[in-house]
Amino acid sequence: MLKTLDLSYNSLSLTTNISLNISTLPMFDRLFLSSCNITEFPFFLKAQNELAILDLLNNRIGGLIPKWLLSMNLGRLSLSHNFINGWEEVPLIHQWKSLSHLHLNSNMLQRPLVVPPISTMFLFISNNSLTGRIDPLFCKLRDLEVLDASNNHLDGIIPQCLENLDGSLRVLNLRRNSFRGNIPQICRDRSTLMTLDLSHNQLYGNIPRSLVKCKNLDVLNQGHNDLSDTFPFWLQDLQRLQVLVLSSNKFHGPIWCPHDFFGFMTLKTIDLSHNDFKRNLPLEYFRNWTSMSSKVSKMGFESDAAYDGKGTYNDSVKIIFKGQEMEFVKTLTVFISIDLSSNKFDGEIPSSLWGLRSLVMLNLSSNNFTGLIPSSLGNLKELESLDLSNNKLFGKIPQQLTALTFLAYLNLSHNQLVGQLPQGGQVSTFQDSSFEGNLGLCGIPLSRKCETPPLPASNDDYNNEKSDSIFGFGWKAVVVGYGCGLLIGMVAGHVITSRRPDLISRIFRVRLQRYRAH
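Each residue of the sequence shown is one higher than the one before, counting from 848 in my numbering.
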């Protein structure tokens, strides 16, 4: 007996409004109809009383979710990437007593966020237009592992009672909403939280120290809020932390501690841009960031963070990469990046930075860094994006820059660099804008050409000049003497022909008297 039917992604167009005897269809356990150009909920589903998994992902279904669908004993339901705008009857959602996975992301839902059944483990409801606050009833979903309500219009304060889910919740993503207030204390000693993304909200205050209890935390993204705090050194105690984003807040002070600072050995992505961090960085600051210096597989992997029904929950982080804001998925494994741009760091760039051999993106722009660009920059063989613009770097650009064969974006503009640009490799492919504001630079691809210095005289030239002299004089002296004699002869001839011999006699008489006087 046929129990599973999968017609997904086959360029089919499934017609659902034809008349048929639905009692003649087999009873399915699993039905996958993704990308079948379906425009309404298939009527034949009404008779599928044994259906446990229904996947209608990526179709063109609009309107409301019908009541009869809510009466089915579903375990997993995926309606993502459609045009659904609500429910026929909201309270009936609690009839899904066996529902564990509910996917409603990327639709047109506009009502307040609906509390799912108590059995829900995975709730994906991002990229809608949901409004209102998070109902405290969410705190009673003791089996909830993933709550992704990002990219909506939710507001209010994030409920403190979410700490009650510390034994189950693994992913909390409330990015790009309008939440305000302080970050709640949601971590306890037995916390299972692996991803916390509260970026792009209106949160203020400090980062709660209770986060240090989230021992399994992989991703912490608090960027684009109104947080005001010093650098949270204590986060180094999170030995699984791989992504740390604190960009576009009001953090201030140094990012290093003079005592007992070993620092972030598992970190792979850090973004501290657009804050008020300052002071210099110790030369060995990056020495212990070993995950950035070891070889990383670019095959990717499926994180065990949380499963979404057919695959995995993929963390994503938006980063300024190659001069543009880009979103990276599965960033935990393949994207190694450091962004300290738009702060007030000064002093030399730490030499330990050039030992991070797996680094893909480095942005230190718009600071007050000084000193030379070291030749050890050539060690960063994986580097694809390098931005050192708007600093006070001086000296020549090292030739080793040409060894970076993956380099696709380079910005060294507005420094005090001088000399000829390195030739070869990727450097010659960049536009003038990558080097503008350095008045001492020259060479291709710049319009300013480098001056050619005069060549030193060779031994052959010296010997030839010496052989031209008969009495030890060079040829230049002979020419000068010949010219002077010719000039005197012409003057004397003119005097004689003009019948002024008395003038010649007077000149020689004066010279003879001077000679006798000596």
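For glycine and all other residues, C-beta sits at the position ideal for the given N, C-alpha and C.
Because the structure is a prediction, the values reported are computed rather than measured.
Kindly identify the DSSP beta-bridge partner or partners of W934. I912
Please say whether N1285 and S1212 have beta carbons closer to each other than 9 Å? no
Between the beta-carbon of L1016 and the beta-carbon of A996, is there less than 9 Å? no
Applying the 10 Å Cβ sphere with the 16-neighbour rule, what's the burial state of G1070? buried
Looking at the unbroken beta strand (DSSP E) that takes in N1210, where does it start and where does it end? M1208 to N1210 is the span of the beta strand (DSSP E), which, as asked, contains N1210.
Using CA atoms only, rank isn't needed, just tell me which of N1214, R1134, D1084 and L1264 is closest to W1201. R1134
With DSSP as the reference, label Q1049 as helix, strand or coil. strand
Apart from the five residues just before and just after N1214, which ones in its own chain have a Cβ nearer than 6 Å to its Cβ? N1190, F1192 and N1238
Just mark C1297 as buried or exposed, buried being the case when its beta carbon has 16 or more other beta carbons within 10 Å. exposed
How big is the Cα-Cα spacing for L1043 and K987? 19 Å
I'd like to know whether the C-beta atoms of L1254 and L1248 end up nearer to each other than 9 Å. yes
Spatial distance of T1137 from W1103 (CA atoms): Between T1137 and W1103, the C-alpha separation is close to 17 Å.
Residues of its chain near N1072, where Cβ-Cβ distance is below 6 Å and the 5 sequence neighbours each way are ignored: N1048, L1050 and N1096
Less than 9 Å between the C-beta atoms of V1018 and M1041, yes or no? Contact: yes.
Helix, strand or coil for S1314? Go by DSSP, reduced to three states. Caution is warranted here: a pLDDT of 47 is assigned to S1314, below 50, making its placement in the model unreliable, and no coordinate value can be reported.
In chain order, what residues of the same chain lie with their CB nearer than 8 Å to the CB of R1369, ignoring the 5 residues before and after it? Here the chain comprises residues numbered 848 to 1365, so residue 1369 is not present and cannot be evaluated.
Suppose the cutoff is 8 Å on Cβ atoms and the five residues either side in sequence are ignored; what does the same chain contact list for L956 look like? I931, N932, G933, I972, N975, S976 and L977
From the DSSP output, in three-state form, read off F890 for me. It is helical.
Select from E1231, Q1278 and T1217 the residue whose C-alpha is nearest the C-alpha of L1264. T1217
Between S1120 and P1055, what straight-line distance do the alpha-carbon atoms span, to the nearest angstrom? 20 Å
Rounded straight-line distance, which links the Cα of L1091 to that of P1079: 11 Å
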